[in-house]
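Visitor: Numbering (my numbering), first residue to last: 368 to 751.
Mind having a look at this structure? Questions to follow.
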């Protein structure tokens, strides 16, 4: 879709929240990725951040855009890293690319001899074409692409393909944080001229199942089909959608996080929980209640969900963690397991004698979750 906005424009409240999530994630994940990059070895060791739709770099009022959020966060984090952080910025629109280049030049001039942060000259070009080119260059020179995070914050819904996400994720320690604007998409979904772009985004035509549906049923199916494509076509072992909703609980857009490392998903969900609610916009996720609040999901709600969905199953603590991260809004889960054990719903299997009650420090510990059956009083019979 064409972007009608000026080169620099005001930041919407939900855009500010989105960038807050990015900041919180980079604060958590940059140090972890820096340790990963040390294992790459040689002169190729570095941590890569790619912003595929960098925009002008800022909003009206000197509000930082995603490029400046990444630069400022990396600058705060990288001083103790043994490898540098490299930032690549891509922007298609000429006026925004020019503005971005000016801002980046100003930021670089203030870095002095700092060798821990490398900010490449912003690229004026198409996100998909430039990232394919970047990956090809690494393949040809046999250099590792990761550790890397690709932030694909497109304006609409059809500016990059499922194939691109898949090619990124084929590389070790590479993650994708992407955006899909439902507000711009669903009003035009019956326009067949838009179908080619949607099919490219999905890598197939199964999204057409939503045609003819309405409301939440349409939203939910569209989201679920896209997540399924991320896992089956793009090869994302761990993918999770987060929705931004308005005060009427209507979806504005989704953010999708894709990784082949469960630690990455855990840290992203922790970042989501750090986001402040702003005005009438509030982060939610696929399990939002009718009030659309991720933040109301607590230990008791998770314990009840596990008791219901895992009834009768035996699993390790690590398997439960993966289930929680992929199927619930939660990222912290051990307090819910403690809740279940205290109530006699969870039973450790062959736990070592030294284990303390309600302790789940051993990821290999197997447990059984079983609902407590209601006791039915025995009725007297004719025979007493």
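Every residue, glycine too, gets a C-beta built ideally from N, C-alpha and C.
This one's a predicted model, so the numbers in the text were calculated from it and none came from an experiment.
DSSP on residue 593, reduced to helix/strand/coil?
Guide: Here residue 593 sits in helix by DSSP.
Visitor: By Cβ distance below 7 Å, which residues in the same chain neighbour residue 730 in space, the five residues on each side in sequence not counted?
Guide: Contacts found: 683, 684, 685.
Visitor: Pull up the CB-CB distance for residue 494 and residue 527, whole angstroms please, since I reckon it's below 8 Å.
Guide: That pair is a contact at about 6 Å.
Visitor: Please classify residue 622 as buried or exposed, where buried requires at least 16 neighbouring CB atoms within 10 angstroms.
Guide: When all chains shown are included, residue 622 counts as buried.
Visitor: So for residue 701, helix, strand or coil by DSSP?
Guide: Helix.
Visitor: Excluding the 5 residues flanking residue 375 on each side, which residues of the same chain have their C-beta closer than 7 Å to its C-beta?
Guide: These residues qualify, in order along the chain: 423, 425, 426, 427, 466.
Visitor: Tell me whether the beta-carbon of residue 734 lies closer than 7 Å to the beta-carbon of residue 715.
Guide: Yes, Cβ-Cβ distance for residue 734 and residue 715 is below 7 Å.
Visitor: Buried or exposed, going by whether 16 or more other CB atoms sit within 10 Å of the CB of residue 696?
Guide: Result: buried.
Visitor: With three or more C-beta pairs closer than 8 Å as the rule, is the segment 589-607 touching the segment 566-573?
Guide: Result yes; three or more Cβ-Cβ pairs closer than 8 Å.
Visitor: Which first and last residues belong to the alpha helix (DSSP H) in which residue 421 is found?
Guide: No alpha helix (DSSP H) holds residue 421; DSSP gives it neither H nor E.
Visitor: Alpha carbon to alpha carbon, how far is residue 709 from residue 458? Give it in angstroms, no decimals.
Guide: Rounded to whole angstroms, residue 458 to residue 709 spans 54 Å at the Cα level.
Visitor: Buried or exposed: residue 450, going by 16 or more other Cβ atoms within 10 Å of its Cβ?
Guide: Classification of residue 450: buried, given that the 10 Å Cβ count is 16 or more.
Visitor: Would you call the segment 601-608 and the segment 552-563 in contact, with 3 or more CB pairs under 8 Å?
Guide: No, the segment 601-608 is not in contact with the segment 552-563.
Visitor: Have a look at the DSSP bridge pairing and note the partners of residue 453.
Guide: Residue 453 is bridged to 415, 485.
Visitor: Going by DSSP, what residue range makes up the beta strand (DSSP E) through residue 733?
Guide: Element bounds for residue 733: 733-736.
Visitor: Here's the rule I'm using: 16 or more other beta-carbon atoms within 10 Å means buried, otherwise exposed. How should residue 367 be labelled?
Guide: Limits of the chain in this structure are 368 at one end and 751 at the other, which puts residue 367 out of reach.
Visitor: For the beta strand (DSSP E) that contains residue 620, what are its first and last residues?
Guide: Element bounds for residue 620: 618-626.
Visitor: Indicate whether the contact test is met: 3 or more Cβ pairs, each with one atom in the segment 666-680 and one in the segment 608-616, closer than 8 Å.
Guide: No contact exists between the segment 666-680 and the segment 608-616.
Visitor: Indicate the three-state DSSP secondary structure (helix, strand or coil) for residue 431 in the structure shown.
Guide: Reduced to three states, the DSSP call for residue 431 is strand.
Visitor: Scan the segment 508-551 and note each continuous beta strand (DSSP E) run of 3 residues or more that stays entirely inside, going in chain order.
Guide: Listed in chain order, the complete beta strand (DSSP E) runs (minimum 3 residues) inside the segment 508-551 are 515-519, 541-547.
Visitor: Assuming contact is defined by CB atoms lying nearer than 7 Å, are residue 438 and residue 474 in contact in what I supplied?
Guide: Going by C-beta atoms, residue 438 is nearer than 7 Å to residue 474.
Visitor: Just the Cα atoms here: how many angstroms apart are residue 395 and residue 501?
Guide: Each residue's alpha carbon lies about 26 Å from the other.
Visitor: Taking residue 620 and residue 547 to be in contact with their CB atoms under 8 Å, please state how far apart those CB atoms are, rounded to whole angstroms.
Guide: Indeed they touch by this definition, with Cβ atoms about 6 Å apart.
Visitor: Please report how far the alpha carbon of residue 591 lies from the alpha carbon of residue 524, in whole angstroms.
Guide: Distance between the alpha carbons of residue 591 and residue 524 is about 16 Å.
Visitor: When the Cα of residue 720 is compared with those of 713, 732, 712, which residue comes out closest?
Guide: The shortest Cα separation from residue 720 among 713, 732, 712 belongs to 732.
Visitor: Tell me the residue span of the beta strand (DSSP E) that contains residue 610.
Guide: Counting along the chain, the beta strand (DSSP E) containing residue 610 begins and ends at 605-612.
Visitor: Between residue 638 and the rest of its own chain, which residues show a CB-CB distance below 7 Å, the 5 nearest in sequence each way excluded?
Guide: Only 388, 391, 392, 395 meet the Cβ criterion.
Visitor: For residue 585 and residue 553, which I take to be in contact (beta-carbon distance under 8 Å), what is that distance rounded to the nearest angstrom?
Guide: Confirmed, about 7 Å.
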